[in-house]
(Lines of atoms letter the chains of each structure in order from A and count residues from 1; the text may use other names and numbers.)
(Lines give C-alpha, C1' and ligand atoms only; values in the text may rest on other atoms or scores of the structure.)
Protein backbone atom coordinates (compact mmCIF):
# COMPACT_ATOMS: atom_id res chain seq x y z
CA UNK A 1 0.00 0.00 0.00
CA UNK A 2 2.94 2.36 -0.30
CA UNK A 3 1.68 4.45 -3.18
CA UNK A 4 -1.80 4.92 -1.90
CA UNK A 5 -2.90 8.56 -1.54
CA UNK A 6 -5.73 11.13 -2.32
CA UNK A 7 -9.51 11.82 -1.84
CA UNK A 8 -12.08 14.61 -1.69
CA UNK A 9 -14.15 15.27 1.43
CA UNK A 10 -17.53 14.28 0.05
CA UNK A 11 -18.73 13.21 3.48
CA UNK A 12 -19.59 16.84 4.20
CA UNK A 13 -22.59 16.40 1.93
CA UNK A 14 -23.66 13.05 3.33
CA UNK A 15 -26.73 12.29 5.38
CA UNK A 16 -28.43 9.07 6.33
CA UNK A 17 -31.66 7.93 4.66
CA UNK A 18 -32.57 4.68 6.36
CA UNK A 19 -30.95 1.65 7.96
CA UNK A 20 -30.83 -1.55 5.92
CA UNK A 21 -30.00 -5.20 6.62
CA UNK A 22 -27.18 -5.83 9.05
CA UNK A 23 -25.36 -8.23 6.69
CA UNK A 24 -22.99 -5.56 5.39
CA UNK A 25 -19.95 -7.84 5.17
CA UNK A 26 -21.66 -10.35 2.87
CA UNK A 27 -23.18 -7.57 0.77
CA UNK A 28 -19.86 -5.78 0.21
CA UNK A 29 -18.07 -9.05 -0.55
CA UNK A 30 -20.70 -10.06 -3.12
CA UNK A 31 -20.78 -6.55 -4.62
CA UNK A 32 -17.01 -6.55 -5.12
CA UNK A 33 -17.06 -10.05 -6.65
CA UNK A 34 -19.62 -8.95 -9.25
CA UNK A 35 -17.65 -5.77 -9.97
CA UNK A 36 -14.40 -7.72 -10.49
CA UNK A 37 -16.12 -10.27 -12.74
CA UNK A 38 -17.52 -7.45 -14.87
CA UNK A 39 -14.03 -5.97 -15.28
CA UNK A 40 -12.53 -9.38 -16.09
CA UNK A 41 -15.17 -9.96 -18.78
CA UNK A 42 -13.91 -6.87 -20.61
CA UNK A 43 -10.23 -7.83 -20.63
CA UNK A 44 -10.20 -7.84 -24.44
CA UNK A 45 -11.15 -4.15 -24.44
CA UNK A 46 -9.19 -1.09 -23.41
CA UNK A 47 -10.10 -0.38 -19.78
CA UNK A 48 -9.76 3.01 -18.10
CA UNK A 49 -9.65 3.57 -14.34
CA UNK A 50 -9.09 6.92 -12.66
CA UNK A 51 -8.85 6.92 -8.89
CA UNK A 52 -7.56 9.11 -6.09
CA UNK A 53 -5.83 7.77 -3.04
CA UNK A 54 -4.93 9.34 0.27
CA UNK A 55 -2.74 7.93 2.97
CA UNK A 56 -2.61 9.52 6.41
CA UNK A 57 0.63 8.77 8.25
CA UNK A 58 2.09 9.77 11.62
CA UNK A 59 5.50 11.33 12.13
CA UNK A 60 7.72 10.81 15.18
CA UNK A 61 5.67 13.37 17.12
CA UNK A 62 2.39 11.67 16.16
CA UNK A 63 1.55 14.57 13.86
CA UNK A 64 -0.77 13.48 11.03
CA UNK A 65 0.52 13.90 7.47
CA UNK A 66 -1.67 13.56 4.36
CA UNK A 67 -0.20 12.34 1.08
CA UNK A 68 -2.51 12.41 -1.95
CA UNK A 69 -2.14 11.02 -5.46
CA UNK A 70 -4.36 10.68 -8.51
CA UNK A 71 -3.68 7.59 -10.61
CA UNK A 72 -4.87 6.81 -14.13
CA UNK A 73 -4.70 3.24 -15.39
CA UNK A 74 -5.25 2.43 -19.07
CA UNK A 75 -4.81 -1.20 -20.04
CA UNK A 76 -5.70 -3.85 -22.56
CA UNK A 77 -4.66 -7.47 -22.94
CA UNK A 78 -1.13 -6.63 -24.11
CA UNK A 79 -0.37 -3.17 -22.70
CA UNK A 80 -0.74 -1.06 -19.57
CA UNK A 81 -0.18 2.62 -18.85
CA UNK A 82 -0.01 4.17 -15.37
CA UNK A 83 -0.02 7.93 -14.99
CA UNK A 84 0.51 10.10 -11.91
CA UNK A 85 1.85 13.61 -11.48
CA UNK A 86 5.28 12.28 -10.51
CA UNK A 87 5.55 9.21 -12.73
CA UNK A 88 4.45 7.70 -16.05
CA UNK A 89 4.86 3.98 -16.70
CA UNK A 90 4.31 2.21 -20.03
CA UNK A 91 4.34 -1.57 -20.19
CA UNK A 92 4.05 -4.20 -22.89
CA UNK A 93 5.01 -7.88 -23.01
CA UNK A 94 8.69 -7.05 -23.51
CA UNK A 95 9.54 -3.89 -21.61
CA UNK A 96 8.55 -1.51 -18.83
CA UNK A 97 9.38 2.17 -19.41
CA UNK A 98 9.26 4.57 -16.44
CA UNK A 99 9.46 8.34 -16.90
CA UNK A 100 10.14 10.64 -13.94
CA UNK A 101 9.82 14.26 -15.16
CA UNK A 102 10.93 15.90 -11.89
CA UNK A 103 14.17 13.92 -11.96
CA UNK A 104 14.59 14.14 -15.74
CA UNK A 105 14.99 10.37 -15.73
CA UNK A 106 13.91 7.45 -17.93
CA UNK A 107 14.31 3.86 -16.74
CA UNK A 108 13.85 0.87 -19.05
CA UNK A 109 13.53 -2.66 -17.70
CA UNK A 110 12.87 -6.03 -19.24
CA UNK A 111 9.28 -7.21 -18.88
CA UNK A 112 8.83 -8.99 -15.56
CA UNK A 113 5.29 -10.20 -15.86
CA UNK A 114 2.49 -7.98 -14.64
CA UNK A 115 4.35 -7.09 -11.44
CA UNK A 116 3.95 -3.34 -11.80
CA UNK A 117 0.34 -3.63 -12.81
CA UNK A 118 -0.34 -5.86 -9.81
CA UNK A 119 1.50 -3.45 -7.52
CA UNK A 120 -0.50 -0.45 -8.71
CA UNK A 121 -3.77 -2.31 -8.35
CA UNK A 122 -2.74 -3.88 -5.05
CA UNK A 123 -4.80 -1.20 -3.33
CA UNK A 124 -7.84 -3.31 -4.13
CA UNK A 125 -6.43 -6.45 -2.51
CA UNK A 126 -8.08 -5.26 0.69
CA UNK A 127 -11.06 -7.19 -0.64
CA UNK A 128 -9.42 -10.57 -0.08
CA UNK A 129 -11.42 -13.19 1.83
CA UNK A 130 -9.00 -13.41 4.75
CA UNK A 131 -9.72 -9.78 5.62
CA UNK A 132 -13.46 -9.98 4.97
CA UNK A 133 -13.67 -12.94 7.33
CA UNK A 134 -12.21 -10.73 10.07
CA UNK A 135 -14.87 -8.01 9.78
CA UNK A 136 -18.15 -7.45 11.60
CA UNK A 137 -20.93 -5.17 10.38
CA UNK A 138 -21.13 -2.02 12.49
CA UNK A 139 -23.41 0.04 10.25
CA UNK A 140 -25.02 -0.61 6.85
CA UNK A 141 -27.29 2.03 5.36
CA UNK A 142 -28.28 4.16 2.40
CA UNK A 143 -26.76 7.62 2.19
CA UNK A 144 -27.11 10.53 -0.20
CA UNK A 145 -24.05 12.45 -1.40
CA UNK A 146 -24.65 15.51 -3.56
CA UNK A 147 -28.09 14.20 -4.53
CA UNK A 148 -26.95 10.66 -5.41
CA UNK A 149 -27.85 7.57 -3.40
CA UNK A 150 -25.21 5.06 -2.30
CA UNK A 151 -24.93 2.09 0.02
CA UNK A 152 -22.48 2.73 2.86
CA UNK A 153 -21.03 -0.03 5.03
CA UNK A 154 -18.87 0.44 8.11
CA UNK A 155 -17.24 -2.86 9.04
CA UNK A 156 -15.48 -3.25 12.37
CA UNK A 157 -12.36 -5.41 12.66
CA UNK A 158 -12.43 -8.32 15.08
CA UNK A 159 -9.65 -8.99 17.59
CA UNK A 160 -7.67 -11.05 15.06
CA UNK A 161 -7.67 -8.26 12.46
CA UNK A 162 -6.73 -5.65 15.04
CA UNK A 163 -3.75 -7.76 16.12
CA UNK A 164 -2.70 -9.00 12.67
CA UNK A 165 -3.39 -6.00 10.42
CA UNK A 166 -3.50 -3.22 13.05
CA UNK A 167 -6.83 -2.40 11.46
CA UNK A 168 -9.73 -0.84 13.36
CA UNK A 169 -12.40 -0.71 10.64
CA UNK A 170 -13.19 -0.42 6.95
CA UNK A 171 -15.72 1.86 5.27
CA UNK A 172 -17.24 1.23 1.83
CA UNK A 173 -19.29 3.45 -0.46
CA UNK A 174 -21.05 1.45 -3.18
CA UNK A 175 -22.77 2.76 -6.30
CA UNK A 176 -25.52 0.22 -6.96
CA UNK A 177 -26.73 1.99 -10.12
CA UNK A 178 -23.34 1.76 -11.86
CA UNK A 179 -22.23 -1.37 -10.03
CA UNK A 180 -19.01 0.32 -8.90
CA UNK A 181 -17.11 0.29 -5.61
CA UNK A 182 -16.96 4.08 -5.32
CA UNK A 183 -14.89 4.53 -2.18
CA UNK A 184 -12.98 2.53 0.41
CA UNK A 185 -11.41 3.73 3.65
CA UNK A 186 -9.25 1.65 5.98
CA UNK A 187 -8.79 2.94 9.54
CA UNK A 188 -5.80 1.66 11.50
CA UNK A 189 -5.10 1.38 15.22
CA UNK A 190 -1.67 1.17 16.86
CA UNK A 191 -0.08 1.00 13.41
CA UNK A 192 3.53 2.25 13.41
CA UNK A 193 3.02 4.23 10.21
CA UNK A 194 -0.55 4.44 8.90
CA UNK A 195 -3.52 6.24 10.42
CA UNK A 196 -5.87 5.66 7.49
CA UNK A 197 -5.99 4.92 3.78
CA UNK A 198 -8.68 6.06 1.33
CA UNK A 199 -9.37 5.06 -2.26
CA UNK A 200 -11.92 6.95 -4.35
CA UNK A 201 -12.76 5.76 -7.87
CA UNK A 202 -13.47 8.84 -9.98
CA UNK A 203 -14.15 7.16 -13.30
CA UNK A 204 -14.35 3.67 -14.73
CA UNK A 205 -14.78 2.86 -18.43
CA UNK A 206 -14.66 -0.77 -19.51
CA UNK A 207 -14.83 0.06 -23.24
CA UNK A 208 -12.47 3.03 -23.33
CA UNK A 209 -11.94 4.46 -26.83
CA UNK A 210 -10.31 7.85 -26.16
CA UNK A 211 -6.76 6.51 -26.30
CA UNK A 212 -5.07 3.97 -28.56
CA UNK A 213 -2.15 2.46 -26.66
CA UNK A 214 1.13 2.32 -28.57
CA UNK A 215 2.07 -1.17 -29.73
CA UNK A 216 5.50 -0.90 -28.14
CA UNK A 217 6.26 0.62 -24.74
CA UNK A 218 9.59 1.86 -26.12
CA UNK A 219 7.73 3.99 -28.68
CA UNK A 220 6.76 6.33 -25.85
CA UNK A 221 10.38 7.49 -25.50
CA UNK A 222 12.22 6.46 -28.71
CA UNK A 223 11.71 7.42 -32.35
CA UNK A 224 11.90 4.99 -35.28
CA UNK A 225 15.71 5.31 -35.31
CA UNK A 226 16.05 4.34 -31.67
CA UNK A 227 16.87 7.89 -30.57
CA UNK A 228 15.21 9.57 -27.61
CA UNK A 229 12.25 11.71 -28.60
CA UNK A 230 13.02 15.42 -28.74
CA UNK A 231 11.17 16.18 -25.50
CA UNK A 232 13.36 13.65 -23.67
CA UNK A 233 16.76 14.62 -25.13
CA UNK A 234 17.83 16.18 -21.82
CA UNK A 235 16.75 13.17 -19.74
CA UNK A 236 19.16 10.69 -18.20
CA UNK A 237 18.54 7.19 -19.53
CA UNK A 238 19.01 4.07 -17.40
CA UNK A 239 18.64 1.11 -19.75
CA UNK A 240 18.48 -2.22 -17.93
CA UNK A 241 17.59 -4.31 -20.96
CA UNK A 242 19.53 -7.52 -21.40
CA UNK A 243 22.22 -7.04 -24.02
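Residue numbers (the numbering used here): -11 to 231. Positions of the beta carbon are idealized from the N, C-alpha and C atoms, including for glycine. These figures come from a predicted structure and were not determined experimentally.
Around the Cβ of residue 69, a 10 Å sphere holds 16 or more other Cβ atoms; the residue is buried. For residue 22, the uninterrupted alpha helix (DSSP H) segment begins and ends at 12 to 29. Here DSSP, grouped into helix, strand and coil, assigns residue 188 to strand. Secondary structure note for residue 153: its alpha helix (DSSP H) is the uninterrupted segment 147 to 153. Using a Cβ distance threshold of 9 angstroms, residue 186 and residue 72 do not count as a contacting pair.
The bridge partners DSSP lists for residue 119 come to none. Rounded to the nearest angstrom, the Cβ distance from residue 83 to residue 62 is 17 angstroms, too far for a contact under 8 angstroms. Restricting attention to 148, 36 and 91, the CA atom closest to the CA of residue 64 is found in 36. Unbroken beta strand (DSSP E) stretches of 3 residues or longer found wholly inside the region 205 to 229: 224 to 227, given in chain order. Around residue 151, the same chain offers no residue with a beta carbon nearer than 7 angstroms, after the five sequence neighbours per side are excluded. Between the region 199 to 212 and the region 43 to 50 there are fewer than three C-beta pairs closer than 8 angstroms, too few to call the two in contact. Listed in chain order, the non-local C-beta contacts of residue 38 below 6 angstroms within the same chain comprise 60, 190 and 191, local neighbours out to five positions each way being set aside.
When the alpha-carbon of residue 220 is set against those of 28, 227, 229 and 210, the nearest one is in 210.
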